[in-house]
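Okay, so the sequence shown: first residue is 21 according to this note's numbering, each after it adds one.
Here's the structure, in structure tokens; my notes come after.
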Amino acid sequence: PDKIRVPDFTFKYIGSVKECFNAAGWPMKVVEVDENTYGEGSIRDQFPTAGTDVDPENMPEIQLKVSTGNPASGE
């Protein structure tokens, strides 16, 4: 089967990305992370990483770390 590369979602806005995931039927998991440099709703990190080859017929769940807009604890 043809593989596709996982797109780079970092720095994108979660609202737009969710729409794309829903349209594509891809599973996603949102993990909230406290950080206030980039603002609420911005994607900070992802797994699998961008450029990873995946089978679109058997998409892995893509985990997105999304900023809460709150300061990171310990700052």
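The beta-carbon is built from N, C-alpha and C at its ideal position, and this holds for glycine as well.
CB-CB under 7 Å to residue i, same chain, minus the five flanking residues each way: which ones, in chain order?
i	result
Gln83	Lys49, Val51, Gln66 and Phe67
Ser93	Asp54
Gly71	Arg25 and Val26
Glu60	Ser87, Thr88 and Gly89
Trp46	Met79 and Ile82
Drop a sphere of 10 angstroms on the beta-carbon of residue i, count the other beta-carbons inside from all chains shown, and report buried for 16 or more, exposed for fewer.
i	result
Phe31	exposed
Ile18	There is simply no residue 18 to check, as the chain begins at 21 and stops at 95 in what is shown.
Ser87	buried
So residue i and residue j are supposed to be a Cβ contact under 8 Å. How far apart are they, rounded?
i	j	result
Lys38	Ile63	Incorrect: roughly 10 Å between the Cβ atoms, too far for contact.
Pro91	Asn56	5 Å
Can you find a C-beta in chain C that's less than 9 Å from the C-beta of residue i?
i	result
Lys85	Of the protein chains in this structure there is only one, and it is not chain C.
Identify, in the order they occur along the chain, each residue of the same chain with its Cβ nearer than 8 Å to the Cβ of residue i, setting aside the five sequence neighbours on each side.
i	result
Tyr58	Phe31, Arg64 and Ser87
Val74	Lys23, Ile24, Arg25, Val26, Pro68 and Pro80
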